[in-house]
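Novice: Before I ask anything, here is the structure I am working with.
Number of protein chains: 2
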Amino acid sequence: MIKATVYVTIKQNVLDPQGSAVQGALHSMGFSEVGKVRIGKYMELELDTNDRSEAETRVKAMCEKLLANTVIEDYRFELSL
Amino acid sequence: MIKATVYVTIKQNVLDPQGSAVQGALHSMGFSEVGKVRIGKYMELELDTNDRSEAETRVKAMCEKLLANTVIEDYRFELSL
């Protein structure tokens, strides 16, 4: 079994309203040192395979087709046995 | 400036309906090798400080008070200059 950890983040030049909201909330709670906040997704997938290179191809396809919106999001992933 | 990377994940024994939905979607798209899927949040915060130990205390407080719901979620974070 291979475990894939996928990180999906909003591209640098795309507005992140969720991040801005969290930044505002932190400021109003007294955490005035907080600058830019960016929020993304973190996913853990268990894959029923032991072929690392196949897993890499398949996870890339999953990211492109479902897990990330590649118009506005970047993704990266790590595989571990 | 210190950059904090925060990972918020749902606790092991808590149901993750978003993860189940993603698993179902991946199966219906032909990714039948996908087992358990767990979805969490990934946050990048810029902190206007250079005091690492102070930043650690402050980010811990932010997680406890706002970023994570510690009843059902775990969190961990990394700091980098």
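Listed in order, the protein sequences are those of chains B and Y. The opening residue of the first sequence carries number 1197 in the working numbering; numbering runs sequentially from there. The opening residue of the second sequence carries number 1197 in the working numbering; numbering runs sequentially from there. Ideal placement from N, C-alpha and C gives every residue a C-beta, glycine not left out. As the structure is a prediction and not an experimental result, all values here were calculated from the model.
Between Y/S1276, Y/V1210, Y/A1217 and Y/K1207, which has its C-alpha nearest B/L1262's C-alpha?
Specialist: Taking only the C-alpha atoms, the option nearest B/L1262 is Y/A1217.
Novice: Roughly how many angstroms separate the alpha carbons of B/Y1256 and B/Q1219, rounded to a whole number?
Specialist: The residue asked about is misnamed: residue 1256 of chain B is Lys in this sequence, not Tyr. Computed Cα separation, rounded: 31 Å.
Novice: Would you kindly report the start and end of the unbroken alpha helix (DSSP H) that includes Y/E1252?
Specialist: It spans R1248 to M1258 - the alpha helix (DSSP H) in which Y/E1252 sits, taken as one unbroken run.
Novice: Checking 8 Å against the spacing of the C-beta atoms, do B/Y1271 and B/V1202 come in under that value?
Specialist: Yes, these two residues count as a Cβ contact at 8 Å.
Novice: Under the three-state reduction of DSSP, which class applies to Y/A1264: helix, strand or coil?
Specialist: Correct three-state label for Y/A1264: coil.
Novice: Helix, strand or coil: how does DSSP classify Y/V1202 here?
Specialist: Correct three-state label for Y/V1202: strand.
Novice: Pick out whichever of B/K1207, B/A1200, B/I1198 and B/M1197 has its Cα sitting closest to the Cα of B/N1265.
Specialist: Answer by Cα proximity: B/K1207.
Novice: Against chain B, which members of the stretch 1209-1236 of chain Y pass a CB distance test of less than 9 Å?
Specialist: Here the close residues are G1215, V1218, Q1219, A1221, L1222, M1225, F1227, S1228, E1229, V1230, G1231, K1232, V1233, R1234, I1235 and G1236.
Novice: Could you compute how far the alpha carbon of Y/D1212 sits from the alpha carbon of Y/R1234?
Specialist: One C-alpha to the other measures close to 6 Å.
Novice: Who pairs with B/V1218 in a beta bridge, going by DSSP?
Specialist: Answer by DSSP bridge pairing: none, since B/V1218 is not bridged.
Novice: So which residues of chain B does Y/Y1305 contact, with C-beta pairs closer than 8 Å?
Specialist: In this structure chain Y extends from 1197 to 1277, so residue 1305 of chain Y is not present and cannot be described.
Novice: Use the C-beta contact count for Y/M1239: other C-beta atoms within 10 angstroms, 16 or more gives buried, fewer gives exposed.
Specialist: Y/M1239 comes out buried.
Novice: Do you know offhand how far B/G1231's Cα is from Y/S1276's?
Specialist: Each residue's alpha carbon lies about 15 Å from the other.
Novice: Using three-state DSSP, classify B/S1224 as helix, strand or coil.
Specialist: Three-state DSSP puts B/S1224 in a helix.
Novice: Determine which residues share a DSSP beta bridge with B/V1230 and list them.
Specialist: Per DSSP, Y/L1243.
Novice: For a quick check, are the C-beta atoms of Y/K1199 and Y/E1269 less than 8 Å apart?
Specialist: The answer is no: Cβ separation not under 8 Å.
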